[in-house]
Amino acid sequence: MDNEFQIEHHISYAFEYKWGYLKWAKSDNPLYRKIFPEGTFDIVFEGELIKNRKVNWDNAKLSLHQVKNKLQLGTVLIIHRSDNLVEIKIKKT
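The working numbering applies: residue 20 is where the sequence shown begins, and numbers increase by one.
In structure tokens, the structure reads:
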């Protein structure tokens, strides 16, 4: 695996911003596996540390409930992984 990888994720489900989840199609799991490490990991979301996250691969989702107030329908997130560090930033338009 490369040391760095980045994708854009669009908040397109009400479920995502109401409950604070990232949700994607199961068919996209291989792409998201490049971004999110296996097991438990930490995320830096707009400078805020979110500890002990773990992807639910069976349902293709990740909980970010601590920052759900920052998510809105149509928000575009830039998710960047460098080694085991995962950073998420809101794309400025």
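Virtual Cβ for every residue (Gly too), placed ideally from N, Cα, C.
Asked, Found
"contact_flag[the segment 34–54, the segment 67–87] where n(CB pairs < 8 Å) is 3 or more", "yes"
"Member of I97, D102 and E27 whose CA lies at the smallest distance from the CA of K108", "I97"
"Residue(s) in a DSSP beta bridge with H29", "V95"
"Of the residues I30, E27 and L81, the one placed nearest I62, counting alpha carbons only", "L81"
"Proximal residues to T94 (C-beta, below 7 Å), its chain only, five neighbours per side dropped", "I30 and I109"
"Span separating the alpha-carbon of D57 from that of T112", "At residue 57 the sequence reads Glu, which differs from the Asp that was named. One C-alpha to the other measures close to 32 Å."
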